[in-house]
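Quick note: to get this note's numbering, add 64 to the position in the sequence shown (first position is 1). A virtual CB, placed ideally from N, CA and C, is assigned to each residue, including glycine. Small disclaimer: the values here were computed from a predicted structure and weren't measured. Since the structure comes first, as structure tokens, the remarks are kept for the end.
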Amino acid sequence: MIHPSSIISNKAEIDPSTNIGPYCIIGDNVKIGNENVLISHVNIVGNTEIGNGNKFYPFSSIGTNPQDLKYKGEKSYIKIGNYNTFRESVTVNPGTQGGGLHTIIKNNCLFMVGAHIAHDCQIRSNVILANNATLAGHVEIDDYAIIGGNSAVHQFVNIGKNAMIGGMSGVEKNIIPYGLYTGIRCNLKGLNIVGLKRKGLSNKDILTIRTATNSIFNINSSIEVNIKDLDDKLKLITEIKDIINFILKNKKRGICVLSND
65 MIHPSSIISN KAEIDPSTNI GPYCIIGDNV KIGNENVLIS HVNIVGNTEI GNGNKFYPFS
125 SIGTNPQDLK YKGEKSYIKI GNYNTFRESV TVNPGTQGGG LHTIIKNNCL FMVGAHIAHD
185 CQIRSNVILA NNATLAGHVE IDDYAIIGGN SAVHQFVNIG KNAMIGGMSG VEKNIIPYGL
245 YTGIRCNLKG LNIVGLKRKG LSNKDILTIR TATNSIFNIN SSIEVNIKDL DDKLKLITEI
305 KDIINFILKN KKRGICVLSN D
């Protein structure tokens with residue numbers, strides 16, 4: 065059903081099972097799949113492709129030009145998967161030439177009121193951005209990560225799976241998988257214990273991962289040396305392997321390390 069007050073381009077491709085409420089705007093190159101809901105006052109423009117079962121609340125805006133002075137009008141894209149929720153005033157910008165031209169959001173994510181997803185971001189599944197969390201360009205977020213309210217993430221930062229960032233944090237460097245972070249200038253505070261328990265790990269498993277993480281971030285030597293010296297048996301544990309691989313892969317921006325507090 066499409067409300068008569070909405071302005072829908074004749075060129076847009078919209079599955080008839082999608083429900084579009086009052087005062088929405090849908091642009092020429094938009095593709096919308098099955099059983100999506102646009103409650104009211106939703107703006108979807110640009111080269112935007114949306115999967116199935118997503119829900120858009122009032123004043124969410126998807127597909128307007130990137131907020132990047134290097135953007136020169138090149139054709140760029142947004143691709144959104146299935147069953148995501150975009151609460152009021154969420155904004156998502158498409159990619160740029162400098163970042164591969166695509167902003168991608170996978171499945172089952174929750175973007176709370178006022179969250180911003182900038183150009184060229186890559187967001188995997190089951191991610192949560194709380195109210196007014198802001199991603200700069202080229203940020204990558206892995207599965208099940210949570211970004212607290214009013215937090216800001218610097219461009220090109222990578223956030224590992226199951227990481228938890230507390231509210232009002234400034235994130236300048238990469239965030240390891242399973243890490244718990246907070247601070248005006250974000251620091252590693254420990255492990256996301258709740259997330260690990262939800263993942264099905266026992267207290268013994270979590271203690272082992274914590275011990276290994278403390279060894280990796282031992283301030284008496286470099287992270288690279290600490291990884292090399294870590295017991296080979298510990299390196300075989302999936303979660304520890306995830307942390308090590310993430311660190312070795314993401315050297316350019318560096319890693320947010322343990323706080324001295």
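- In the structure shown, ALA216 falls within a strand segment according to DSSP collapsed to helix, strand and coil.
- Look at SER153 here: in three-state DSSP terms it is coil, with no helix or strand label.
- SER215 is the residue among SER215, GLY201 and HIS183 whose C-alpha sits nearest the C-alpha of ILE192.
- By alpha-carbon distance to THR112, the top candidate from LEU165, LYS299, ILE308 and THR149 is LEU165.
- Secondary structure of ILE319 (DSSP, three-state): strand.
- Three or more beta-carbon pairs separated by less than 8 angstroms link the stretch 220-237 to the stretch 246-256, which places the two stretches in contact.
- The three-state reading of DSSP puts LEU312 in helix, counting H, G and I together.
- Separation of the CB atoms of GLU204 and ASN222 is rounded to 5 angstroms, and the pair is thereby assigned contact status at 8 angstroms.
- In its chain, beyond the 5 residues on either side, ARG188, SER189, ASN190 and LYS225 have a beta carbon closer than 6 angstroms to the beta carbon of ASP207.
- For LEU255, the pairing in a beta bridge is given by DSSP as GLY243.
- Taking 8 angstroms as the cut-off, the Cβ atoms of ALA179 and ALA197 count as close.
- Per DSSP, ILE168 lies in no alpha helix (DSSP H) segment; the continuous beta strand (DSSP E) that holds it begins and ends at 166-169.
- For a cut-off of 8 angstroms, the C-beta gap from LEU260 to TYR245 is around 15 angstroms, too long to register as a contact.
- Around the beta carbon of LEU199, a 10 Å sphere encloses 16 or more other beta carbons of the protein chains shown; the residue is thus reported as buried.
- For ILE71, the closest of ASP79, VAL109 and ILE291 by C-alpha to C-alpha distance is VAL109.
- The three-state reading of DSSP puts VAL94 in coil, since its state is none of H, G, I, E or B.
- Considering only LEU300, CYS320 and ASP296, the residue with the shortest C-alpha distance to ILE283 is CYS320.
- In terms of Cα proximity to TYR147, the closest of HIS105, ILE126, GLY159 and ASN98 is ASN98.
- Per DSSP, the unbroken alpha helix (DSSP H) holding LYS292 starts and ends at 287-293.
- DSSP, read as helix, strand or coil, puts GLN186 in strand.
- Shortest Cα-Cα distance from MET232 to any of ILE240, ARG262 and ASN195 involves ASN195.
- About 22 angstroms separates the CB atoms of PRO158 and GLY117; that is not less than 8 angstroms, and the two are not in contact.
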